[in-house]
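2 protein chains.
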Amino acid sequence: MKRVTVHDVAAEAKVSLATVDRVLNARPGVKAATIERVHAAVEKIGFTRDQHAANLAKRREYRICFLLPSGDSAFMQELRAEVESSVSVERQQRTFIKVRDILPFNGVSLVDALDAISAEEFTGVVFIATDAPQVKQAIKRLADRGVIPITLISDIPSSARAHFVGIDNTAAGRTAGSLLGRFVYPAGGKVAVIVGSMLLRDHVDRRLGFEQVIRTEFPGITLVPSMESNDDNTVAEKIVDELLVEHPDLLGIYNIGAAKQGLLASLKRHKRDGQVRVVAHDLTDDSKEALRGGAFDAIIHQDPPHQVRSAIRLVRAYADGRSFLESQERIRIDIFLRDNMPD
Amino acid sequence: MKRVTVHDVAAEAKVSLATVDRVLNARPGVKAATIERVHAAVEKIGFTRDQHAANLAKRREYRICFLLPSGDSAFMQELRAEVESSVSVERQQRTFIKVRDILPFNGVSLVDALDAISAEEFTGVVFIATDAPQVKQAIKRLADRGVIPITLISDIPSSARAHFVGIDNTAAGRTAGSLLGRFVYPAGGKVAVIVGSMLLRDHVDRRLGFEQVIRTEFPGITLVPSMESNDDNTVAEKIVDELLVEHPDLLGIYNIGAAKQGLLASLKRHKRDGQVRVVAHDLTDDSKEALRGGAFDAIIHQDPPHQVRSAIRLVRAYADGRSFLESQERIRIDIFLRDNMPD
DNA sequence: AGATACATGATTTACGTACCTCATTATATA
DNA sequence: TATATAATGAGGTACGTAAATCATGTATCT
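Sequence lines, in order, name chains L and R.
Position one of the first sequence corresponds to residue 1 (UniProt numbering), numbered consecutively onward.
Position one of the second sequence corresponds to residue 1 (UniProt numbering), numbered consecutively onward.
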């Protein structure tokens with residue numbers, strides 16, 4: 001059971017090793033007929049290139065830059081921790097990862113960071129896109145310089161980014177709507193939405209999907225006009241306070257952004273936790289605790305470790321012009337209840 | 001920016017290459033003090049062994065055998081398809097995969113298959129465990145022969161298997177209970193459970209978890225005694241027919257096994273699809289269709305591609321005595337609604 | 001026919017680690 | 001002190017592919 005190597009292919013096709021190499025690596029200077037012969041030989045003896053040997057010989061290296069907001073939301077912290085812990089793992093596969101900080105909610109800072117990256121320095125850049133024309137242009141410049149741009153969490157669909165790693169946020173909103181709708185149905189009644197910022201595309205999309213579903217499928221439910229927390233706990237707490245006072249019959253809340261602590265604090269103070277059905281985003285320590293205690297009913301989640309690994313694999317795949325497994329790179333819209341929480 | 005190699009470690013530690021090699025590969029014949037020096041040097045200059053070069057030099061090969069039931073449930077078919085499609089991908093990483101058929105629901109067939117495997121032939125075996133003492137003993141013999149046993153989907157916890165790849169089925173049952181409970185609550189009323197076979201540990205566990213949650217958290221809900229479909233559509237259809245006739249006020253069904261077509265057929269014939277809330281297992285073409293049409297409300301799922309990849313990675317990790325990323329190998333209990341279905 | 005471009009062969013080096021052999025030096029044991 | 005044993009060094013080969021160089025053969029064109 002010896003391994004099938006390029007030498008065997010050469011023998012089988014009755015050509016030299018050099019020609020096999022030319023064919024396999026799509027180098028010029030080989031007749032079409034010869035190319036065919038080599039391919040036939042590959043098929044016949046079942047040759048597959050040894051990835052380890054190939055990578056070693058190619059002495060390929062991948063340098064990836066992650067641009068992460070210096071904000072301190074639990075979700076971002078987990079993402080950052082995941083990136084940092086992948087540094088040593090990925091180094092074994094010749095992938096060198098650097099993290100650069102940018103200011104959160106700040107398009108200019110992102111544009112500056114993108115413009116500061118050269119193809120000599122980095123193979124690809126992974127970042128959370130802010131939906132602004134300047135960012136779009138910066139992505140274009142980046143791609144033109146030969147750096148692979150990968151958007152994470154939040155996308156700019158019509159930009160020059162090679163790939164988006166993240167969930168379909170409209171679908172996530174619809175999912176939240178389906179859940180919360182069923183939870184408060186058939187009683188019917190009022191449901192409120194709290195967004196982080198209407199400037200973030202993912203938040204906007206989530207709200208859109210949520211309202212779609214509620215309006216079309218749960219006609220018994222009334223939507224209370226949504227408010228912006230700016231992902232700030234103090235603001236969120238005030239919003240919920242007012243909400244609970246003004247609508248004592250409130251049945252459910254969909255919390256689109258971060259600032260879950262503020263929401264929880266208000267619910268608890270009004271002794272409405274466990275009564276009002278809550279669907280929120282991102283499985284963090286806070287929300288796990290709230291799920292356990294019954295204050296939250298469901299969490300919509302996108303797995304940070306998976307997203308980080310996926311982004312890294314995608315940079316390598318695009319750099320090599322390789323294809324990749326669609327199914328492995330699709331980020332799922334995870335639903336967590338108390339009972340299917342990890343740990 | 002040159003790569004840090006073993007040579008650099010040798011220079012830094014002021015020892016020969018041979019000694020560095022002895023230390024890194026834990027070979028005997030090195031003083032404790034010298035080992036320390038080498039480790040210190042590794043730390044200082046940040047050396048990480050190049051996996052590609054290492055694997056190449058080691059000329060390591062992994063041979064993995066998947067034992068799959070020849071049954072034709074959609075879930076098993078997807079699993080099998082995934083294994084087969086991974087053959088060519090994994091070959092590039094020197095992993096050779098073979099599939100062997102065994103009879104479904106048949107412990108003897110599994111035991112025979114396990115006993116027929118030698119360490120010369122295979123590095124590891126991946127199989128769906130049937131919970132029987134004979135199987136447990138066969139696993140022990142297998143492990144003693146030096147083959148790595150990995151259980152998939154269904155486990156025997158106290159056996160000699162190296163690892164279990166799959167979900168916690170009690171938790172899956174609880175998850176189903178939480179969902180269905182909330183869906184039919186606060187109306188209260190009757191909910192029925194249909195199992196595939198009480199001989200399968202995963203089915204038993206699911207029912208257990210489901211009943212736990214319903215009993216403790218949704219006291220308004222009455223559980224209709226559960227019945228066995230043996231994963232047969234004709235049987236399942238008959239069961240549901242009787243159920244719907246006997247309990248016209250039935251609010252929900254938890255379908256634990258396969259045989260979803262029978263369930264659907266009966267519901268449709270009685271024009272109760274969309275009325276009765278249904279939670280079932282495994283996202284297949286049938287259940288996707290049913291989710292879309294509103295006949296099913298939620299599907300509890302375990303991702304076959306992920307499980308196959310995980311099993312393969314685990315065989316390699318155990319074979320090399322390496323550690324692995326817990327988080328990457330944990331199989332999630334996925335919840336799918338119409339709105340977060342893939343595709 | 002001679003120049004020219006194209007197609008192919010023959011051969012070599014490099015990648016970074018594993019692993020083997022043989023020689024040499026340091027340390028412990030009798 | 002002689003001898004056994006442990007610890008280390010020096011050096012080489014192999015793994016399978018990539019990539020380069022130089023030589024040689026063949027067809028094409030004016």
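From the three backbone atoms N, C-alpha and C, an ideal C-beta is built for every residue, glycine too.
Neighbourhood of residue i by C-beta distance below 6 Å, restricted to the same chain and skipping five residues each side
i: L:A160; result: I139, K140, A143
i: R:Y318; result: I148, A162
i: R:L67; result: R100, I102, A113, F127
i: R:S154; result: I128, A129, R201, D202
i: R:H281; result: I300
i: R:N169; result: D202, D205, R206
i: L:I156; result: A129, D131, K136
i: L:G146; result: A119
i: L:S266; result: E237, V240, D241
i: L:V87; result: I97
Nearest to residue i (by Cα), restricted to the options the options
i: L:N25; options: L:H163, L:A298, L:E121, L:G321; result: L:G321
i: L:E90; options: L:Q328, L:R338, L:R313, L:R332; result: L:R313
i: L:A81; options: L:H39, L:I97, L:A11; result: L:I97
i: R:I256; options: R:R60, R:E326, R:S266, R:R206; result: R:R206
i: L:T95; options: R:V315, R:A265, R:E12, R:R49; result: R:R49
i: R:A171; options: R:I335, R:P342, R:K2; result: R:I335
i: R:V223; options: R:E36, R:G124, R:G146, R:K190; result: Here residue 223 of chain R turns out to be Leu, not Val, going by the sequence shown. Nearest option by C-alpha distance: R:K190.
i: L:S85; options: R:N233, R:R27, R:S327; result: R:S327
i: R:L79; options: R:S323, R:R309, R:G124; result: R:R309
i: R:V9; options: R:T34, R:P28, R:R27, R:G29; result: R:T34
i: L:P104; options: L:P157, L:R174, L:L17, L:L199; result: L:L199
i: L:E120; options: L:V87, L:C65, L:I167; result: L:C65
i: R:K268; options: R:S158, R:R316, R:V111, R:D241; result: R:D241
i: L:A13; options: L:V38, L:P28, L:G29, L:K31; result: L:V38
Any C-beta of chain R under 7 Å from that of residue i
i: L:A41; result: no
i: L:T216; result: no
i: L:T175; result: yes
i: L:S323; result: no
i: L:A113; result: no
i: L:I45; result: no
CB contact check: residue i to chain L, cutoff 7 Å
i: R:I299; result: no
i: R:S310; result: no
i: residue 346 of chain R; result: Because residue 346 of chain R is not part of the residues shown, which for chain R are 1 to 343, the question remains open.
i: R:H52; result: yes
i: residue 347 of chain R; result: Within the shown structure, residues of chain R are numbered from 1 to 343, placing residue 347 of chain R beyond reach of any answer.
Contacts that residue i makes with chain L (C-beta to C-beta distance below 8 Å)
i: R:R91; result: T48
i: R:L179; result: L337
i: R:V213; result: D339
i: R:A171; result: D339, N340
Close beta carbons around residue i, own chain, < 7 Å, minus the five adjacent residues each side
i: L:H306; result: I331
i: L:A311; result: V126, I150, L152, V165
i: R:V4; result: I45, G46, F47
i: residue 345 of chain L; result: Look at the range of chain L in this structure, 1 to 343, and you will see that residue 345 of chain L is not part of it.
i: R:A236; result: I194, S229, A259, G262, L263
i: L:L251; result: V184, A187, G189, K190, V191, V276, R277
i: L:R60; result: R94
i: L:I239; result: I194, M227, S229
Contacts that residue i makes with chain L (C-beta to C-beta distance below 7 Å)
i: R:F183; result: R182
Contacts around residue i, its chain only, beta-carbon distance under 8 Å, and the 5 residues preceding and following it disregarded
i: R:G294; result: D273, G274, R338
i: L:G107; result: T130, A132, Q134, V135
Contact list for residue i against chain R, beta-carbon separation under 8 Å
i: L:I153; result: Those within 8 Å of L:I153 in chain R number zero; the least Cβ separation is about 17 Å.
i: L:S88; result: T48
i: L:R330; result: P342
Per-residue contacts from residue i into chain R (C-beta, under 7 Å)
i: L:S327; result: P305
i: L:S118; result: Per Cβ cutoff of 7 Å: no residues; L:S118 is ~14 Å from chain R at best.
Beta-carbon neighbours of residue i, restricted to chain L and to distances below 9 Å
i: R:R94; result: R3, D50, Q51, H52
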